[in-house]
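Right, one structure below, let's go through it.
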Amino acid sequence: EDNLQKIKDFIKIAKGDLVFFPELALTGYKFPFDLFSQENINKALLEVQKLIKNYKKYVLLGAPHYEKNKIYNAVYSISPQSIEVLAEKFLLFPEMDKIFSSGEKRKFLEINGLKIGIIICFELRSPEITRTLIKEGIDLLAVFAQWPKARIKHWEVLLKARAIENQIFVVGINAISQIENFIIAGNSLSFSPCGDVLNKKSEKEEIIEVSFPLKLEKLPYPMKTPCLRFSHKIKSLDELKSIIQKRKKKGQIMVFTNGCFDILHAGHIHYLNSARALGDFLVVGLNSDKSVKKIKGFLRPINSQEERAYTLASLECVDYIVLFDEETPERLIKALKPDVLVKGADWEENKIVGANFVRSYGGKVKRISFKFDTSTTKIIEKILKIYKN
């Protein structure tokens with residue numbers, strides 16, 4: 596209630612067309628999320644909407660979003676006409692997955708020709724997320740946060756970096772509060788595409804006014820987004836061991852799966868995307884031609900190991916590929932020690948090769964349900980039937 600009243604008071608005196616409030620502005624993190632529902636959130640948001648009808652403003656603020664027994668860390672857009680979820684936090688801070696689910700909603704707001712994209716706090720550390728929004732043609736990146744004072748230098752540098760590298764305006768809206776030993780100390784900042792600071796820093800709860808020109812200055816050079824070659828994804832086991840060791844030291848989670856992936860289809864794509872979402876990088880153990888023949892007979896594979904590896908490497912969700920000649924990837928699993936081992940839901944967990952080994956050191960085993968009822972065998976049978984007739 597105190598937060599809601601502060602939000603309403605600030606709206607009354609704010610002069611801009613668009614008013615931002617930080618991540619979880621309505622509740623903060625020290626909140627009994629499990630005791631509330633979307634009905635409680637909607638009631639508060641409707642109060643805000645009722646107020647802005649008199650002030651003709653758009654409001655963007657952070658608040659929980661309850662849906663289908665899950666709670667998402669979200670940003671809402673409130674206008675005189677509507678209330679909607681614009682973004683749900685996808686990349687959760689460690690341990691926050693005990694409260695929130697990773698969300699996928701990501702919409703855009705366009706006001707006076709200015710297209711706005713949104714990321715939430717910890718997502719600022721992953722330039723890949725901002726790059727995805729850049730592909731949608733955003734002019735301004737709004738970062739809603741509860742960023743601790745202890746790492747405020749990172750906050751400033753990362754905001755500036757996102758502005759310069761993507762040639763967009765960036766506004767960082769940070770809360771002021773205390774979460775256990777973490778002091779959240781404001782310092783909301785805005786940057787121009789050139790990296791110029793557009794407002795003074797402040798550690799007080801106050802309104803900061805920023806103007807964004809509707810016409811951007813022409814760049815003295817073209818902004819490039821290169822299409823990188825992907826042959827570097829195909830690694831030997833020794834190369835991979837060294838890379839994985841270094842990435843794990845940074846706290847990154849390795850996901851491993853394997854398969855023949857003979858004729859790549861929609862089922863494979865859904866499966867690999869789902870696997871990649873379980874960690875920070877995905878290693879695919881690819882059955883070599885020799886291995887496929889052992890499992891499926893002398894008529895397979897249809898595509899050679901070089902062609903299959905090349906095709907897999909073109910997928911954004913696949914980070915590394917390593918070939919193996921055995922019938923199972925047990926040797927690879929023991930050498931690489933994945934944090935998450937993934938197989939299809941058609942496999943019983945106790946029959947998944949390497950499952951017991953991965954669990955023995957605290958790793959996880961995940962089974963992914965299939966979205967599409969298809970397979971390489973079914974595709975081959977369909978082709979034969981069509982051309983036979």
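All residue numbers for the sequence shown refer to our numbering, where the first residue is 596 and numbers rise by one.
Glycine is no exception: its CB is placed at the ideal position from the N, C-alpha and C atoms.
In this text, all values refer to a predicted model and were calculated from it rather than measured experimentally.
{"Asked": "Presumed contact (8 Å Cβ cut-off) between residue 738 and residue 714, rounded CB distance", "Found": "5 Å"}
{"Asked": "Contact between the segment 782-791 and the segment 693-701 (3+ Cβ pairs under 8 Å)", "Found": "no"}
{"Asked": "Distance, residue 744 Cα to residue 798 Cα", "Found": "10 Å"}
{"Asked": "Coil, strand or helix - residue 853 by DSSP", "Found": "strand"}
{"Asked": "Whether residue 953 touches residue 916 by CB criterion (8 Å)", "Found": "no"}
{"Asked": "Proximity below 8 Å, CB of residue 936 to CB of residue 949", "Found": "yes"}
{"Asked": "Best match in 779, 968, 671, 823 for proximity to residue 865 [C-alpha to C-alpha]", "Found": "968"}
{"Asked": "Cβ pair count under 8 Å reaching 3, the segment 880-887 against the segment 899-906", "Found": "yes"}
{"Asked": "Proximity of residue 599 and residue 634 at Cβ, strictly below 8 Å", "Found": "no"}
{"Asked": "Alpha-carbon to alpha-carbon, residue 638 and residue 655", "Found": "16 Å"}
{"Asked": "Length of the line joining the Cα atoms of residue 756 and residue 899", "Found": "43 Å"}
{"Asked": "Reduced DSSP secondary structure (H/G/I, E/B, other) of residue 863", "Found": "helix"}
{"Asked": "Of the listed residues 795, 787, 831, nearest to residue 919 (C-alpha basis)", "Found": "831"}
{"Asked": "Burial state of residue 735 (16 or more Cβ within 10 Å)", "Found": "buried"}
{"Asked": "Residue interval of the beta strand (DSSP E) (run including residue 773)", "Found": "771-774"}
{"Asked": "Exposure label - residue 774; buried when at least 16 CB within 10 Å", "Found": "exposed"}
{"Asked": "DSSP state of residue 931 mapped onto helix, strand, coil", "Found": "helix"}
{"Asked": "Proximity below 8 Å, CB of residue 646 to CB of residue 606", "Found": "yes"}
{"Asked": "DSSP beta-bridge partners of residue 701", "Found": "682"}
{"Asked": "Cβ pair residue 671, residue 640 closer than 8 Å", "Found": "yes"}
{"Asked": "Extent of the continuous beta strand (DSSP E) to which residue 668 belongs", "Found": "665-673"}
{"Asked": "Cβ pair residue 709, residue 754 closer than 8 Å", "Found": "no"}
{"Asked": "Identified DSSP bridge partners for residue 816", "Found": "Looking at the DSSP assignment, residue 816 forms no beta bridge with any residue, so it has no partner."}
{"Asked": "For residue 729, three-class secondary structure by DSSP", "Found": "helix"}
{"Asked": "Backbone secondary structure at residue 661 - three-state DSSP", "Found": "strand"}
{"Asked": "C-alpha gap between residue 729 and residue 822, whole angstroms", "Found": "15 Å"}
{"Asked": "Distance CB(residue 667)-CB(residue 684) smaller than 8 Å", "Found": "yes"}
{"Asked": "Residue(s) in a DSSP beta bridge with residue 739", "Found": "715, 768"}
{"Asked": "Exposed unless 16 or more other CB atoms sit within 10 angstroms - verdict on residue 817", "Found": "exposed"}
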